[in-house]
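Residue numbers (our numbering), protein chains in the order written: chain R, 145 to 601; chain A, 145 to 601.
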């Protein structure tokens with residue numbers, strides 16, 4: 145509902161000229177919605193409305209403009225930043241939360257970065273530079289330094305004073321962090337605890353010393369797992385000496401968790417992950433993200449081709465055998481995908497560790513035997529129904545190959561992602577397409593082996 | 145780290161008898177970690193340690209015991225609940241947050257439910273019953289009624305008094321909800337705003353009236369999308385008359401978002417979703433969740449078998465053709481999975497709507513043409529390298545079939561999930577395995593068509 149109204153307001157604006165009224169109205173709306181409307185207008189590619197959006201943006205109060213700016217996509221950010229004054233840049237980047245400023249800078253071309261960094265106060269520049277150095281996907285790259293920092297010995301009432309004074313510019317005030325003189329994190333105090341305590345109590349007595357924390361080098365996935373496990377609103381991030389360097393808040397981690405899951409979906413479907421939403425990605429980019437894996441997998445299928453060529457005589461002698469190859473290969477693909485998906489996802493959410501490899505293998509082996517045997521039994525019946533004149537030995541050959549295929553698929557399907565993790569590669573990349581290619585070759589060999597054994601082809 | 149200590153403490157206990165000391169120690173630990181240790185002890189299946197865990201549990205203060213109880217898995221919950229007194233049951237269920245109590249009751253067998261409901265106060269029973277009626281996966285089923293409820297006209301200082309009085313038992317105090325006399329939600333006030341306001345201000349003047357809310361009937365996915373989009377900590381849930389009936393908090397929604405993503409991973413890999421973690425699922429249950437789809441897909445492969453049998457003569461005449469069938473089918477499977485994954489995930493996170501179907505189709509068609517043509521070109525070269533004596537027409541046949549397969553796979557791969565959504569079926573179930581089965585049949589027919597046309601087999 146809100147979206148439509150903002151959209152309409154902006155639409156009216158493009159026709160009218162009462163910009164100040166619109167600007168006043170926009171400030172009551174959620175910046176997330178305003179950003180969405182800005183993006184839709186921006187996409188229309190009409191220079192005149194771009195011009196007007198820019199005017200509106202420049203008329204917005206600094207704090208609102210900074211919030212809105214952080215929500216815009218990099219294209220619009222760049223377009224705006226190249227059209228406003230150095231003074232305005234300083235105002236916006238200074239007003240943004242540090243994590244948003246870092247995200248913004250990471251997406252900009254070098255010339256824009258240089259101009260932005262040249263126009264902000266030295267302290268801010270140093271903060272940004274130090275946060276930029278954390279590797280992508282690490283806890284360090286997700287954190288911000290806008291938190292309430294308390295010193296041991298403060299009273300509850302002094303704490304409230306501090307929150308009232310500094311709280312406006314903090315990403316969260318609901319958890320405060322108590323540090324000693326060397327910035328080592330001693331404990332956390334929530335506003336809930338503060339509100340339920342006497343005003344003259346000392347925070348040392350009410351702080352939680354068994355708080356959860358993470359290191360700057362921890363992965364985003366691990367941090368997300370902590371948030372889920374303990375139901376956190378914010379997590380302090382410490383360096384190797386346990387000094388607090390920043391916090392990660394739950395709103396950022398929810399977005400990250402979604403992005404990480406989407407990337408896993410993409411990798412498991414043999415797509416190079418992309419950060420752009422589907423509908424905004426060009427055909428060229430969509431193709432670029434898919435073609436490489438399709439090519440690799442196609443070329444590796446040369447192996448299956450060679451195996452079949454090798455057994456060409458058997459096929460020529462008994463072409464009926466071939467009618468079952470697609471079924472065998474699809475079943476292998478499906479059985480492998482089931483295992484690899486459960487294992488990859490289990491490792492991603494922290495349910496399965498590398499140390500569980502033997503338990504996993506033993507479980508998958510038994511599941512594969514039961515699944516394989518059931519499929520084999522149904523397959524014999526299926527083949528007899530479809531072709532009643534058929535030699536029972538042909539059905540038997542196919543069914544035996546089926547059991548072997550399922551066992552092979554499930555074994556490879558659980559081993560490959562775990563091996564990838566062990567080698568510090570991404571397990572999701574070792575997902576079904578790669579496994580299918582391996583299982584295809586194996587199951588064909590087994591199939592021809594049984595055919596030779598039972599049918600003497 | 146913490147885990148190991150708790151584990152050790154509990155371990156010591158099983159040997160020692162200083163239970164009271166342990167009980168005192170446990171209360172400083174996070175209930176999530178204590179629950180994990182309880183579960184590990186419980187799994188060992190030693191009646192004596194079960195007995196001791198039960199003693200510890202009964203000695204814990206009521207509020208801590210309730211928090212711990214909510215974190216335990218249903219098996220242990222049931223085991224505990226059948227061994228404690230009616231009075232203790234009342235204490236725990238009364239002390240639990242409503243959403244946790246509802247989750248617990250949903251997992252219990254009928255006899256336990258009857259006993260629990262018989263032993264709690266009438267008001268609590270009615271609350272639980274009214275929350276139990278919301279369908280699974282709806283916003284209603286995720287909410288709790290423990291929030292701070294403010295009336296219009298209250299001052300900031302009165303609000304703080306209310307928070308100090310009632311805050312202890314609320315799931316969140318950081319957002320408070322302002323309602324009129326008929327419980328209609330008028331606005332929200334955060335504790336941050338309260339802390340930054342004068343004590344004598346009236347909440348009507350500082351409340352946010354453009355708050356986001358959801359209906360009890362909205363899906364968990366939609367609610368999660370709102371949390372991500374707006375960076376919320378809590379979301380008020382209203383009925384059709386805009387009266388507030390509960391709130392959903394971010395910690396619950398993070399868990400739900402993870403479960404929903406895991407379910408999508410499972411469905412897309414042809415697994416019936418299960419709520420148990422992999423390592424705790426029995427071989428029987430793992431098999432049960434996988435066999436049905438493997439059977440369905442195997443039986444539907446009868447179609448590909450029939451197509452091949454139909455073209456048996458062509459194969460017997462030119463068995464070399466067959467060497468390319470696995471490659472064609474795998475490429476079709478991979479190309480289809482790429483499209484279906486992007487579309488299913490895009491719909492799940494709200495990036496793609498049903499109304500976008502023509503845009504999606506047009507995009508996929510162009511991507512398919514470029515991918516197909518590139519693969520075809522590489523394939524001709526690949527086939528010539530592998531077998532230099534080979535008839536160029538064979539390579540051409542395979543390459544043409546390749547283009548057709550990729551176009552077919554990508555078209556079916558985007559259409560099927562969107563059609564499923566249109567028919568109110570689950571798009572994730574229409575994922576790659578189903579698409580592979582359809583594309584396999586189509587690409588075989590096209591392949592033989594080209595073979596007949598170019599090679600006259």
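Backbone N, C-alpha and C define an ideal beta-carbon position, used for all residues, glycine too.
Reference residue i; option with closest CA among the options
{"i": "residue 527(R)", "options": "359(A), 448(A) and 586(A)", "result": "448(A)"}
{"i": "residue 431(A)", "options": "552(R), 514(R), 181(R) and 325(R)", "result": "514(R)"}
{"i": "residue 602(R)", "options": "512(R), 296(R) and 367(R)", "result": "Since the first residue shown for chain R is 145 and the last is 601, residue 602(R) is missing from the structure and cannot be characterised."}
{"i": "residue 571(A)", "options": "558(A), 237(A), 375(A) and 263(A)", "result": "558(A)"}
{"i": "residue 522(A)", "options": "546(A), 535(A) and 537(A)", "result": "546(A)"}
{"i": "residue 178(R)", "options": "445(R), 215(R) and 193(R)", "result": "215(R)"}
{"i": "residue 598(R)", "options": "551(R), 566(R), 455(R) and 539(R)", "result": "539(R)"}
{"i": "residue 439(R)", "options": "406(A), 476(A) and 460(A)", "result": "476(A)"}
{"i": "residue 472(R)", "options": "496(R), 257(R), 461(R) and 516(R)", "result": "516(R)"}
{"i": "residue 562(A)", "options": "500(A), 306(A), 290(A) and 322(A)", "result": "500(A)"}
{"i": "residue 353(R)", "options": "328(R), 366(R), 373(R) and 362(R)", "result": "328(R)"}
{"i": "residue 283(R)", "options": "262(R), 396(R) and 303(R)", "result": "396(R)"}
{"i": "residue 544(A)", "options": "594(A), 165(A), 281(A) and 573(A)", "result": "594(A)"}
{"i": "residue 415(A)", "options": "573(A), 536(A) and 372(A)", "result": "573(A)"}
{"i": "residue 100(A)", "options": "525(A), 311(A), 554(A) and 360(A)", "result": "Given that chain A is displayed from residue 145 to residue 601, the structure contains no residue 100(A) and the question cannot be resolved."}
{"i": "residue 247(R)", "options": "230(R), 281(R) and 255(R)", "result": "281(R)"}
Nearest-angstrom beta carbon gap, residue j and residue i [assumed within contact, 8 Å]
{"i": "residue 382(A)", "j": "residue 341(A)", "result": "The Cβ separation is near 25 Å, so there is no contact."}
{"i": "residue 176(A)", "j": "residue 200(A)", "result": "Incorrect: roughly 16 Å between the Cβ atoms, too far for contact."}
{"i": "residue 249(R)", "j": "residue 272(R)", "result": "6 Å"}
{"i": "residue 186(R)", "j": "residue 220(R)", "result": "5 Å"}
{"i": "residue 519(A)", "j": "residue 442(R)", "result": "6 Å"}
{"i": "residue 394(R)", "j": "residue 378(R)", "result": "7 Å"}
Buried versus exposed, by CB contacts within 10 Å (16 or more), residue i
{"i": "residue 467(A)", "result": "buried"}
{"i": "residue 465(R)", "result": "buried"}
{"i": "residue 278(R)", "result": "buried"}
{"i": "residue 264(A)", "result": "buried"}
{"i": "residue 318(A)", "result": "buried"}
{"i": "residue 344(R)", "result": "exposed"}
{"i": "residue 492(R)", "result": "buried"}
{"i": "residue 294(R)", "result": "buried"}
{"i": "residue 600(R)", "result": "exposed"}
{"i": "residue 437(R)", "result": "buried"}
{"i": "residue 191(A)", "result": "exposed"}
{"i": "residue 291(R)", "result": "buried"}
{"i": "residue 362(R)", "result": "buried"}
Proximal residues to residue i (C-beta, below 6 Å), its chain only, five neighbours per side dropped
{"i": "residue 401(R)", "result": "368"}
{"i": "residue 300(R)", "result": "338, 341, 343 and 345"}
{"i": "residue 171(A)", "result": "208"}
{"i": "residue 582(A)", "result": "556"}
{"i": "residue 419(A)", "result": "none"}
{"i": "residue 348(A)", "result": "296"}
Nonlocal neighbours in the same chain, by C-beta distance under 7 Å from residue i, ignoring five residues either side
{"i": "residue 324(A)", "result": "296 and 330"}
{"i": "residue 217(R)", "result": "183"}
{"i": "residue 585(A)", "result": "447, 448 and 451"}
{"i": "residue 588(R)", "result": "448, 451 and 452"}
{"i": "residue 374(A)", "result": "356"}
{"i": "residue 592(R)", "result": "455 and 458"}
Beta-ladder partner(s) of residue i, from DSSP
{"i": "residue 380(A)", "result": "391(A)"}
{"i": "residue 352(A)", "result": "332(A)"}
{"i": "residue 282(R)", "result": "363(R)"}
{"i": "residue 320(R)", "result": "292(R) and 333(R)"}
{"i": "residue 299(A)", "result": "346(A)"}
{"i": "residue 358(R)", "result": "381(R)"}
Cβ shell of residue i (< 8 Å), same chain only, five flanking positions each side left out
{"i": "residue 481(A)", "result": "557, 575, 576, 579 and 580"}
{"i": "residue 212(A)", "result": "175, 178, 179, 182, 201 and 204"}
{"i": "residue 596(R)", "result": "458"}
{"i": "residue 551(R)", "result": "509, 512, 513 and 516"}
{"i": "residue 566(A)", "result": "498"}
{"i": "residue 485(R)", "result": "412, 575 and 576"}
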